[in-house]
Amino acid sequence: MILADLPPWLLRTFAILLGLLVGSFLNVVIWRVPREESVVTPASHCACGKPIAGYDNIPLVSWLLLRGRARCCGATISPRYPFVELLGGVLAWAVVEVVVLRAHPSSPVLPLVARALADMALAHALLAAAFIDLDHMFLPNQITIGGAIFALLSSTLRPEVGLARSAIGLMVGFFVIYLPFIVLYRLVRGKQGMGLGDAKLLALVGAWFGWQGVLFALFAGSIQGTLAAIVVLARKGKIEEPESVIAEREAAEAEGDPLDPEDDPVALPPEPGVAGARIAFGPFLILAALEWLFFGHQIGERFVGFLTD
Ligand SMILES: [Zn+2]
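Here the sequence shown is numbered in the numbering used here, starting from 11 and rising by one per residue.
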């Protein structure tokens, strides 16, 4: 079967529906993975404890029909749930546009679909990781390390990368953070400048795209993160930690088992002032990685031709 045999609307519809469903599952991942709960059981339930019926759990549609309130107890359902579902659908759609529909009409379908499914898995895993990092200021190993292994295994689906460049990219991604921001920073300032999670995330980016993707993610992620920090500072006057980070630290202290600053960059409250403000870098690395996934080809050709050999 070749690409010309499949009508584009069918591929788009299938991708958007699949993406919405995956987005709905990502809401479960974002809530449960940082709490070390199973993503499979129990079935979805409301904050009040009542199970959510299947017809109230349809991505986007249910939230709109229920006008953002739970059927059981009337509790407000955060608009973030339908937003993550929507992003899941948009990312899957974008993958189909870029990976499948831009290919030559005579291309065989199977390799294109395999590559598109892998790229969707990447985009969706990064989406979950971004929200987990925003909430908890850490990136789960299941996504970063698991994703890097999946990136190596799936590298042959991306012929322009392949296994050797994937492995090199993985090493470059890890050490470009690990050496300067963790080893050197600790030697000079006695603490680490970035979390190990960011190093593992960039290892995943490198294994997926090769080292060019690492450089772009670091460069564009830093610029976008800095701009976002400036906007937050201008509007609020300070950068606050997420509520759940403060709650987790207090809970650990109350149990008499405080977090270890060696492994946990948020073990201590931030130092006062702008210089001590902490901002999760993961979401900005992820935003840049997604930009590279969808626009890397154009960016590579037009602006940084030397990065794509
Ligand atoms: Zn309820």
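Note that the Cβ used here is the ideal one computed from N, Cα and C, for glycine as well.
- Assignment of P280 by DSSP, reduced to helix, strand and coil, places it in the coil class.
- Just so you know, the alpha carbons of E253 and M147 end up roughly 11 Å apart.
- Between G33 and L127, the gap from beta carbon to beta carbon reaches 8 Å or more.
- Checking the 7 Å criterion, the Cβ of K248 is out of range of every heavy atom belonging to ligand 1.
- Excluding its 5 nearest sequence neighbours in each direction, A138 has C-beta neighbours in its own chain below 6 Å: L36, V39 and I40, listed in chain order.
- Only buried fits Q222, as 16 or more other CB atoms lie within 10 angstroms of its CB.
- In the DSSP assignment, H146 falls within the alpha helix (DSSP H) that extends over V119 to H146.
- Taking C-alpha positions only, D270 is separated from A209 by approximately 19 Å.
- As computed with DSSP, I256 is found in no beta bridge at all.
- Assigned with DSSP and collapsed to three states, R45 falls in helix.
- Counting C-beta atoms within 10 angstroms of its own C-beta, S72 has 16 or more neighbours from the protein chains shown and is therefore classed as buried.
- Pairing K60 with A53, the inter-Cα distance amounts to about 10 Å.
- Excluding the 5 residues flanking it on each side, D15 has same chain C-beta neighbours closer than 8 Å at V119, in chain order.
- Placement of the Cβ of A63 at a distance of 7 Å or more from every heavy atom of ligand 1 is found.
- Nearest to P190 by C-alpha distance, out of E258, N67 and L228, is L228.
- With respect to the C-alpha of P92, the residue from L167, L162 and L31 having the closest C-alpha is L31.
- Taking a contact to require three or more Cβ pairs closer than 8 Å, the region 104-111 and the region 164-183 do not qualify as touching.
- Per DSSP, R77 has no beta-bridge partner at all.
- Take S116, set aside five residues on each side of it, and the residues of its chain with a beta-carbon closer than 6 Å to its own are I12, in chain order.
- As DSSP reads the structure, T86 sits in a beta bridge with R79.
- Pairing L144 with E250, the inter-Cα distance amounts to about 11 Å.
- Where L211 is concerned, the enclosing alpha helix (DSSP H) starts and stops at L206 to F219.
- Taking the Cα positions, I233 is about 13 Å away from I289.
- Looking from the CA of L132, the closest CA among Y188, V193, G247 and E301 belongs to E301.
- DSSP places S176 in the uninterrupted alpha helix (DSSP H) bounded by G172 to I187.
- Shortest gap from the CB of A53 to any heavy atom of ligand 1: 7 Å or more.
- Burial of W103 is indicated by the presence of at least 16 other C-beta atoms within 10 angstroms of its C-beta.
- In the DSSP assignment, N151 falls within the unbroken alpha helix (DSSP H) covering N151 to L163.
- In this structure, ligand 1 has no non-hydrogen atom nearer than 7 Å to the beta-carbon of A102.
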